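Following: one structure in structure tokens, then a few remarks.
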Amino acid sequence: MSTLLEMSGVSVSFDGFKAINNLSFQIAEPEMRAIIGPNGAGKTTFMDIITGKTKPDEGRVIFGEKSISLLGMSESKIAKVGVGRKFQKPTVFEAQTVRENFALALKNPRGPFDVLRHRKTKNGAQRIEELAERVGLIDELPRLSGELSHGQKQWLEIGMLLAQSPRLLLVDEPAAGMTPAEREKTTDILVNAAKTHAVVVVEHDMEFVRRLNCKVTVLNEGSVLAEGTLDHVTQNPEVIDVYLGR
Ligand code: ADP
1 MSTLLEMSGV SVSFDGFKAI NNLSFQIAEP EMRAIIGPNG AGKTTFMDII
51 TGKTKPDEGR VIFGEKSISL LGMSESKIAK VGVGRKFQKP TVFEAQTVRE
101 NFALALKNPR GPFDVLRHRK TKNGAQRIEE LAERVGLIDE LPRLSGELSH
151 GQKQWLEIGM LLAQSPRLLL VDEPAAGMTP AEREKTTDIL VNAAKTHAVV
201 VVEHDMEFVR RLNCKVTVLN EGSVLAEGTL DHVTQNPEVI DVYLGR
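Once you know that position 199 of the sequence shown is 199 in the UniProt record's numbering, the rest is easy, because the numbers rise by one and skip nothing.
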């Protein structure tokens, strides 16, 4: 297990307001990490910085064993080096089947190396079945994506992200709007992905975070307030103050 992403001393201001304030963060590969924090803590901005959507005013963001800087790279270049992001709302091609959605994601790999690797090792149909198996959609392959449940659409999108061979997956509130059974399955899919990938999950639902059973980073006012197991951070008086708004 080695460090995949390292941020240090990162700050961003919007009109003089420090949304991210001297933030340092590290994640290994593979690793599962949950990010929690009250509204306005900087969670979205934190992910925007990693994906290149927001450029920090100061600090370093270093990725991979060659320690490449993500700063100054375009969003598409950052996606190509291996950062995948899943937004809260599922965005799948509803008029296409599940199989076609996976096929589209596989046609859009993150770099020329992947195209060669996929061609050499496995054909598309095999890859699609593996991905569908990984996200529990093997029986849904012929169905139109628009007919899937909310949870199934989320899993399809996670599978499409995995198709692009990211090394770091950023997942925003995956459990929102899901039934308890869907939440449980989502936990399994993410825990499984974190056996081979670095996975960052931003989530408000503490029961969901508990089931991820991973290190938790608490953000507040753009900085890391606490880090550790969920039990450890939720017993921290500063974290309790922030959540109870005292
Ligand atoms: P979270 O996702 O934890 O709710 P955000 O990262 O969305 O927090 O926001 C952190 C702070 O930065 C908030 O106070 C928010 O209002 C502010 N902020 C975020 N993006 C912008 C922007 N583009 N312009 C101005 N302020 C912003």
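Positions of the beta carbon are idealized from the N, C-alpha and C atoms, including for glycine.
None of the values given here were measured: they were computed from a predicted structure.
Spatial neighbours of residue i in its chain, beta-carbon cut-off 8 Å, leaving aside the 5 residues before and after
| i | result |
| --- | --- |
| Val224 | Leu23, Ser24, Phe25, Thr217 and Val218 |
| Gly82 | Phe63, Gly64, Arg110, Ser165, Pro166, Arg167 and Leu168 |
| Gln96 | Leu104, Leu144 and Ser145 |
| Thr179 | Gly151 |
Residue environment, residue i, which counts as buried when at least 16 other CB atoms sit within 10 Å
| i | result |
| --- | --- |
| Met1 | exposed |
| Asn108 | exposed |
| His197 | buried |
| Arg117 | With a pLDDT of 47 at Arg117, under the threshold of 50, the predicted position of this residue should be treated as unreliable, and no value is reported. |
| Ala163 | buried |
| Gly146 | exposed |
| Lys195 | exposed |
| residue 251 | Lying before the first or after the last residue shown, residue 251 is absent from the chain, which here runs from 1 to 246. |
| Gly136 | buried |
| Arg119 | With a pLDDT of 49 at Arg119, under the threshold of 50, the predicted position of this residue should be treated as unreliable, and no value is reported. |
| Thr229 | exposed |
| Gly16 | exposed |
| Gly245 | exposed |
Neighbourhood of residue i by C-beta, 7 Å cutoff - its chain only, sequence neighbours within 5 removed
| i | result |
| --- | --- |
| Arg99 | Ile128, Leu141 and Pro142 |
| Arg183 | Ala175 and Phe208 |
| Pro38 | Asn220, Val242 and Tyr243 |
| Cys214 | Met32, Arg33 and Ala34 |
| Gln88 | Asp172, Glu173 and Ala176 |
| Lys43 | Ile35, Gly37, Val202 and Leu219 |
| Glu75 | Thr51, Gly52 and Lys53 |
Backbone secondary structure at residue i - three-state DSSP
| i | result |
| --- | --- |
| Asp205 | coil |
| Gln154 | helix |
| Met47 | helix |
| Arg211 | helix |
| Gln26 | strand |
| Glu31 | strand |
| Asn236 | coil |
| Phe102 | helix |
| Val242 | helix |
| Lys120 | Confidence in Lys120 is poor, its pLDDT being 48 and thus under 50, which makes the residue's placement too unreliable to answer from. |
| Asn108 | coil |
| Val92 | coil |
| Phe113 | Any reading at Phe113 needs caution, since the residue's pLDDT is 42, under 50, leaving its predicted position unreliable; the model's value is listed next. Residue state, collapsed to three classes: helix. |
heavy atom of ligand 2 below 7 Å from residue i C-beta
| i | result |
| --- | --- |
| Lys43 | Ligand 2 is not part of the structure shown, which contains ligand 1 as its ligands. |
Proximal residues to residue i (C-beta, below 6 Å), its chain only, five neighbours per side dropped
| i | result |
| --- | --- |
| Leu70 | Val61, Phe63 and Ile78 |
| Ala132 | Ile138 and Leu141 |
| Glu227 | Thr217 |
| Val92 | Asn101, Ser145, Lys153, Leu156 and Glu157 |
| Arg211 | Thr187 |
Proximity below 8 Å, CB of residue i to CB of residue j
| i | j | result |
| --- | --- | --- |
| Ala34 | Val201 | yes |
| Ser8 | Pro56 | no |
| Asn220 | Ala41 | yes |
| Phe160 | Ala105 | Before going further, note that residue 160 is Met rather than Phe in the sequence given. Result yes, Cβ atoms of Met160 and Ala105 sit closer than 8 Å. |
| Ile49 | Leu5 | no |
| Gly52 | Met73 | yes |
| Gly151 | Thr186 | yes |
| Lys80 | Leu170 | no |
First and last residue of the uninterrupted alpha helix (DSSP H) at residue i
| i | result |
| --- | --- |
| Ala79 | Glu75 to Val81 |
| Glu129 | Gly124 to Arg134 |
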